[in-house]
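In the numbering used here, the protein residues as written are 11 to 99. Just so it is clear, CB atoms sit at the ideal spot from N, CA and C, and this is done for glycine as well.
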C-alpha cells in the first residue's frame, strides 16, 4: 500500500476544504458499492478515495453528481406484550 499525502491530492483539487468534500463523497460512494477506479488492496473506503484523487481519477466534478435517494425500510413491528404487575418475569 502506497502512502497517500495531502500534497498528492491537492494537485487535483483547489484547496483542503474541497479535498475533504470530494474525498467524503467518494468514500460514501465506495461504501455503497460503487466500483473503485483503482485496486482496493484491503484498504478502507476513505483511503481508496484519497488514492483515487491522488491518481487523478476522481476530482471536483464528483461534487456536481446527484446523490441517489436513501430509501429507509420501516422497522419490523414487534408484538407488544402487556404484563400485569402480578405476572412473574
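On the three-state DSSP scale, how would you describe residue i?
i	result
residue 35	helix
residue 29	helix
residue 72	helix
residue 48	coil
residue 14	coil
By the DSSP assignment, the alpha helix (DSSP H) with residue i in it spans what residues?
i	result
residue 23	Element bounds for residue 23: n/a, residue is neither H nor E.
residue 56	55-65
As a quick exercise: from the options, pick the residue whose alpha carbon is nearest that of residue i.
i	options	result
residue 25	70, 78, 94 and 46	70
residue 77	52, 27, 28 and 40	40
residue 28	74, 86 and 44	74
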